[in-house]
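Accompanying notes for the structure given below.
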Amino acid sequence: MVSWWARPLEKVYAAVFIDAIMVKIRDGQVRNRPIYAAIGVDLDGHKDILGMWAGDGDGESARFWLAVLTDLKNRGVRDIFFVVCDGLKGLPDSVSAAFPLATVQTCIIHLIRNTFKYASRKYWDTISADLKPIYTAPTAADARARWEEFAEKWGTPYPAIVTLWESAWEEFIPFLDYDVEIRRVLCSTNAIESLNARYRRAVRARGHFPNEQSALKTLYLVTRSLDPKGTGQTKWAVRWKPALNAPAITFADRMPAAEER
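Start counting the sequence shown at 1; every next residue gets the next number (my numbering).
Encoded structure:
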């Protein structure tokens with residue numbers, strides 16, 4: 001397990017998705033703790049779990065995230081085009097410090113799901129339809145105009161939705177500067193969802209864990225079942241090669257030479 005945790009990584013990743021799964025850990029008393037997984041998509045379209053880190057459950061500090069990103073750098077990562085996450089406080093500033101050229105992007109699917117938490121179920125379909133023109137807008141300015149229309153319609157019955165989107169706006173709009181192929185990659189949750197489904201099955205089977213290390217080991221074993229040879233070039237997900245043609249053009253000046261990959 002230690003060698004897997006410290007294994008070398010690719011120099012450049014098109015995207016790194018960071019997501020959390022909640023586990024029950026008995027440390028004096030049983031409480032929910034997040035285990036964060038970083039899923040990287042390399043320039044050949046392979047997905048790989050880069051690592052896992054246990055949080056304290058009280059909202060991780062910028063120092064925590066800087067330590068996570070420094071770990072990735074120490075294992076060979078030199079650049080990341082996009083870091084996709086779900087409103088993790090402290091992470092954007094840490095990304096700017098560790099990978100200055102990286103763009104932090106809010107996970108659109110998670111943002112939409114979080115929106116539904118504040119609305120009556122009977123309005124979900126209507127709200128979903130009203131949100132679509134925002135995240136499919138051709139430009140950030142057009143998205144803002146569509147958002148103002150949405151806020152005018154839903155702001156009075158559901159002010160919490162307006163607050164949610166306003167607080168996420170700066171990390172929501174970056175992907176609107178790119179073409180549809182890059183948007184499709186960033187909006188995809190297949191990597192996260194398939195991994196989390198396997199993690200949750202393992203967590204439910206255990207109920208709770210005696211300590212942090214036990215939880216990490218269980219999730220590590222699930223991860224290795226996806227990549228039994230531990231090579232870091234997992235085959236458990238569909239390749240993203242077609243969608244990565246667009247980043248290859250957009251980020252041509254940041255693409256490593258073929259012999260360096």
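C-beta atoms are modelled at their ideal positions from N, C-alpha and C, and glycine is treated no differently.
**Report entry** Which of helix, strand or coil DSSP assigns to V104
**Finding:** strand
Query raised in the report: With respect to the beta strand (DSSP E) encompassing L50, which residues constitute its N-terminal and C-terminal limits?
Result: 47–54
Query raised in the report: If we count Cβ pairs, one from each stretch, closer than 8 Å, do we get three or more for the segment 72–83 versus the segment 103–110?
Result: yes
Query raised in the report: Ends of the alpha helix (DSSP H) at Y118?
Result: Unbroken run through Y118: none, as it is neither H nor E.
Query - Span separating the alpha-carbon of S3 from that of F209 - result: 23 Å
Report task. Run the CB neighbour count on G40, radius 10 Å, all protein chains shown included, and call it buried at 16 or more, exposed below. Result -> buried
Requested in this report: Identify every residue that forms a DSSP beta bridge with C85.
Outcome: T106
Query raised in the report: So the beta strand (DSSP E) K24 belongs to, where does it begin and stop?
Result: 12–27
Requested in this report: Return the CA-CA distance between G28 and L66, expressed in angstroms with no decimal places.
Outcome: 28 Å
Requested in this report: Check whether the Cβ atoms of R254 and D79 lie closer than 8 Å to each other.
Outcome: yes
Report task. Could you name the residues of the same chain whose beta carbon sits closer than 6 Å to that of A137, not counting the 5 residues immediately before and after it, in chain order? Result -> A143, R146
Query raised in the report: From L226 to I49, what distance separates their C-alpha atoms?
Result: 10 Å
Report task. Tell me, please, whether the segment 13–27 touches the segment 202–216 by the rule of three or more beta-carbon pairs shorter than 8 Å. Result -> yes
Query raised in the report: P34 by DSSP, collapsed to three states: which one?
Result: strand
Query raised in the report: Okay, do the segment 57–66 and the segment 84–99 touch, 3+ Cβ pairs below 8 Å being the bar?
Result: yes
Report task. Assign G316 to buried or exposed, taking buried as 16 or more other Cβ atoms, counted over all protein chains shown, within 10 Å of its Cβ. Result -> Absent from the model: residue 316. The displayed extent of the chain is 1 to 261, so no value can be given.
Query raised in the report: Where does the unbroken alpha helix (DSSP H) through I134 begin, and where does it stop?
Result: 124–135
**Report entry** Span separating the alpha-carbon of A14 from that of V162
**Finding:** 31 Å
**Report entry** T115 classed as buried or exposed, judged by whether at least 16 other C-beta atoms fall within 10 angstroms
**Finding:** buried
Query raised in the report: Expressed to the nearest angstrom, what Euclidean distance is found between the alpha-carbon atoms of L9 and Y158?
Result: 44 Å
Requested in this report: Determine, using beta carbons only, whether I109 and C187 come nearer to each other than 8 Å.
Outcome: yes
Requested in this report: Please look up how many angstroms separate the CB atoms of V203 and V23, rounded, as I've assumed it's under 8 Å.
Outcome: 5 Å
Query raised in the report: Cα separation between R121 and P100?
Result: 41 Å
Report task. Answer with buried or exposed for I21, where buried requires no fewer than 16 other C-beta atoms within 10 angstroms of its C-beta. Result -> buried
Query raised in the report: Out of curiosity, what's the CA-to-CA distance linking M52 and A248?
Result: 28 Å
Report task. Look at the alpha carbon of L176 and the alpha carbon of W169, and state the distance between them as a whole number of angstroms. Result -> 12 Å
Query - When D42, P34, V77, V95 are compared against R7, the one with the closest alpha-carbon - result: V77
Requested in this report: Classify V180 as buried or exposed, calling it buried when 16 or more other Cβ atoms lie within 10 Å of its own Cβ.
Outcome: exposed
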